[in-house]
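Undergrad:
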Ligand code: FES
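In our numbering, the protein residues as written are 65 to 223.
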């Protein structure tokens with residue numbers, strides 16, 4: 065059988081000999097991309113677990129207006145309406161967002177979602193903001209956040 069030549073002089077047969085290597089390259093690239101996402105998910109979440117333990121955020125008096133504190137899967141902020149607690153679990157796939165003090169935003173390291181200091185969604189792919197969760201002051205005057213117990217995002221703890 066005669067070889068069919070392409071425009072650049074390659075034969076169809078020589079091109080077909082390279083096809084398995086090209087397929088192998090595509091598969092390797094796909095696995096690398098997927099494992100990168102998997103690594104980010106393992107490193108940063110998922111945090112949307114219903115059994116997250118309560119988090120002691122320290123003395124309530126230490127949380128100043130406008131300040132955001134984070135610890136484990138919990139964050140608290142104090143605004144002029146009171147104290148709001150958030151679960152640090154991205155609604156997209158559950159990674160734990162980090163708080164960027166310079167930007168005043170929570171940034172998800174997995175796929176780039178961004179949230180305001182009060183948890184409101186600023187940029188997807190997440191479709192909603194960070195969940196507000198229950199918070200109370202214990203007998204020692206410490207803020208105790210319950211990351212697994214969702215709360216009304218409009219409600220603040222008055223202290
Ligand atoms: Fe995908 Fe946060 S887990 S953007």
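Even glycine gets a Cβ: it sits at the ideal position worked out from N, Cα and C.
So if DSSP puts residue 127 in a beta bridge, which residue, or which two residues, is it bridged to?
TA: The partner list for residue 127 (beta bridge, DSSP) is empty, contrary to what the question assumes.
Undergrad: For residue 189, collect the residues of the same chain with a Cβ closer than 7 Å to its Cβ; drop the 5 residues on either side in sequence, then sort them by chain order.
TA: 156, 175 and 177
Undergrad: Of all the options 138, 171, 148 and 130, which has the alpha carbon lying nearest to the alpha carbon of residue 116?
TA: 138
Undergrad: Can you tell me which of the three DSSP states residue 182 falls into?
TA: coil
Undergrad: Could you give the residue range of the beta strand (DSSP E) that holds residue 151?
TA: Element bounds for residue 151: 146-151.
Undergrad: In the DSSP output, which residue or residues are listed as bridge partners for residue 187?
TA: In the DSSP output, where bridge partners are listed per residue, residue 187 has 178.
Undergrad: Check whether the Cβ of residue 158 sits closer than 8 Å to any heavy atom of the ligand FES, and report yes or no.
TA: yes
Undergrad: Which residue from 136, 118, 119 and 142 puts its Cα closest to that of residue 126?
TA: 142
Undergrad: If I follow the unbroken beta strand (DSSP E) through residue 207, where does it start and stop?
TA: 206-214
Undergrad: Can residue 159 and residue 153 be called in contact, C-beta distance under 9 Å?
TA: yes
Undergrad: Distance, Cα to Cα, residue 184 vs residue 120?
TA: When the Cα atoms are used, residue 184 and residue 120 turn out to be separated by approximately 23 Å.
Undergrad: For residue 173 versus residue 193, is the C-beta distance shorter than 9 Å?
TA: Contact check for residue 173 against residue 193 fails: the beta carbons are separated by 9 Å or more.
Undergrad: If you run the structure through DSSP and keep just helix, strand and coil, what is residue 116?
TA: coil
Undergrad: Over what stretch of residues does the beta strand (DSSP E) that includes residue 219 continue unbroken?
TA: From DSSP, residue 219 is part of no beta strand (DSSP E); its letter is neither H nor E.
Undergrad: Would residue 123 be called buried (16 or more neighbouring beta carbons within 10 Å of its own) or exposed?
TA: exposed
Undergrad: Can you grab the Cα-Cα spacing for the pair residue 179 / residue 220, in whole Å?
TA: Computed Cα separation, rounded: 18 Å.
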